[in-house]
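Structure first, then comments.
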Amino acid sequence: MSLKFAGSGFTSAVVVIAAAVWGLYWIPLRLLQEQGVAGDSAVALLHIPALLPLMLVVALQWKLHRGHWGKILLIGLFTGLGIALYSSGVVYSSVVRATLLFYLTPVWATIIEILWFKEKADWSRWLAVAGGLAGMALMLSGNESVQLNIGDLLALLSGIFWAIGAAMIKRFDTVPIAGLALGQFAFTVFTVLLIGSLMGSESHFQITQVVSVLPVISLISILIFLPVVLAIIWAQKFINPGRVGLLMMSEVLVAVVSASLLLPQERMTIIEYCGAALIIGACLFEVLSTPKPKELLASC
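Letter 269 of the sequence shown, counting from 1, is numbered 371 in the numbering used here, and no numbers are missing.
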């Protein structure tokens with residue numbers, strides 16, 4: 103019953119906070135690029151350190167993971183593709199455009215809920231989706247029109263793969279979290295290096311480029327990104343994917359505002375700030391519309 107109780111407001115808040123932290127993901131990525139590390143290699147470098155503690159935990163919990171490897175690999179494929187494609191979108195497009203296109207996720211996830219989970223999305227869900235999408239539309243319209251590129255396509259596809267992976271985590275909620283995280287990080291590294299190879303970029307690490315930043319990057323990967331991923335995976339076991347997608351839109355706000363402040367070419371306009379306000383409103387509306395614990399218990 104405690105697991106049911108965790109699926110209410112607290113779990114939603116975990117998603118909002120974790121996604122907001124993930125909104126700063128682009129900063130170490132760009133710092134690595136400034137050190138001369140190729141974009142796709144930089145993404146891989148941010149994920150490789152977290153593989154080590156995850157492999158250790160999975161090894162110690164081998165019996166717990168036995169029998170789940172098929173699902174771990176399948177879910178890891180989709181969530182890893184989602185992160186790899188989104189990261190490549192940031193590399194080949196812009197932080198703002200890649201983030202906004204990724205966050206069509208609530209639409210795909212809500213469709214998956216209806217078709218796969220056979221659940222009906224109520225008016226509050228569609229209202230939150232509409233508010234979030236309207237906010238993203240305003241933020242996107244604030245910039246001068248820029249022709250779509252391969253990075254934009256990768257970012258759009260990333261949201262679809264992530265929504266499918268999130269739905270699988272919810273459907274197969276007995277799969278251990280450590281294994282799911284290991285699958286996601288491993289497939290992210292593999293896929294992003296493959297994308298870099300197909301795009302013709304140099305995907306080899308040069309020791310002289312990496313050694314000076316490796317300690318800091320390892321700390322960021324293990325102490326920040328890994329807990330964020332674990333928190334989101336944990337929450338996805340209790341919350342439907344459409345709702346998770348809406349709550350994770352806090353990342354849009356943090357990523358876009360931080361990019362606007364730190365990158366001169368991505369300054370925000372008044373219209374874009376209005377869009378950000380709509381996104382915050384959509385997240386808050388979805389959180390506040392969560393049934394109270396008594397309501398959840400009554401429905402069990």
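For glycine and all other residues, C-beta sits at the position ideal for the given N, C-alpha and C.
Count the other CB atoms, across all protein chains shown, that sit within 10 Å of the CB of V145; report buried if there are 16 or more and exposed otherwise.
The count along the sequence shown starts at 1 and reaches residue 145 at position 43. Buried, since its Cβ has 16 or more Cβ neighbours within 10 Å.
Stretch pair the region 254-265 + the region 202-217: three plus CB contacts closer than 8 Å:
yes
With the cut-off set at 7 Å, would you say T113 and F340 are in Cβ contact?
Within the sequence shown, numbered from 1, the residue matching residue 113 stands at position 11. Within the sequence shown, numbered from 1, the residue matching residue 340 stands at position 238. It is a contact, given that the beta carbons lie within the stated cut-off.
Simplified DSSP assignment, three categories, for P219
For this step, residue 219 is matched to residue 117 along the sequence shown. According to the sequence as given, residue 219 is Phe; it is not Pro. Reduced to three states, the DSSP call for F219 is coil.
Roughly how many angstroms lie between the CA atoms of L202 and G261, to the nearest whole one?
Indexing the sequence shown from 1 puts residue 202 at position 100. Indexing the sequence shown from 1 puts residue 261 at position 159. Straight through space, the alpha carbons of G261 and L202 are spaced by roughly 10 Å.
Among S299, I297, L332, whose alpha-carbon lies nearest the alpha-carbon of G287?
By one-based count along the sequence shown, residue 287 stands at place 185. First, the residue type needs correcting, since residue 287 is Phe and not Gly in the sequence shown. The candidate whose alpha carbon is nearest that of F287 is L332.
May I have the straight-line CA-CA distance separating I177 from N342, to the nearest angstrom?
By one-based count along the sequence shown, residue 177 stands at place 75. By one-based count along the sequence shown, residue 342 stands at place 240. Cα to Cα, the separation comes out at about 16 Å.
Distance, Cα to Cα, Q367 vs W128?
Along the sequence shown, read from residue 1 onward, the residue named residue 367 stands at position 265. Along the sequence shown, read from residue 1 onward, the residue named residue 128 stands at position 26. The alpha-carbon atoms of Q367 and W128 are separated by roughly 15 Å.
Given a cut-off of 7 Å on the beta-carbon distance, is the pair S320 and P151 in contact?
Reading the sequence shown from its first residue, position 218 is the one you call residue 320. Reading the sequence shown from its first residue, position 49 is the one you call residue 151. It is a contact, given that the beta carbons lie within the stated cut-off.
Quick one: using the 10 Å Cβ neighbour count with 16 as the cut-off for buried, is I252 buried or exposed?
As a working mapping, residue 252 is identified with position 150 in the sequence shown. I252 is exposed by the Cβ-count criterion.
Rounded separation between E397 and K272 - CA only
As a working note, residue 397 is residue 295 in the sequence shown. As a working note, residue 272 is residue 170 in the sequence shown. Caution applies to E397, whose pLDDT of 42 falls short of 50 and renders its modelled position unreliable; the value that the coordinates give is listed next. Spanning the alpha carbons of E397 and K272 requires a straight line of approximately 21 Å.
Can you list, in chain order, the residues of its chain whose CB lies under 6 Å from that of P278, leaving out five sequence neighbours each side?
As a first step, residue 278 must be located in the sequence shown, where it is residue number 176. The residues are L166, H167.
Using only alpha-carbon positions, find the residue among R227, S360, I381, D254 that is nearest to R132.
As a working note, residue 132 is residue 30 in the sequence shown. The candidate whose alpha carbon is nearest that of R132 is S360.
The alpha helix (DSSP H) with F263 in it runs from where to where?
Translated into positions along the sequence shown, residue 263 becomes position 161. Its alpha helix (DSSP H) spans residues 252-273.
I297 and A186 look like a contact to me (Cβ under 8 Å); what is the Cβ gap, rounded to whole Å?
Stepping through the sequence shown from its first residue, residue 297 is reached at position 195. Stepping through the sequence shown from its first residue, residue 186 is reached at position 84. I297 to A186, Cβ: 6 Å. Contact.
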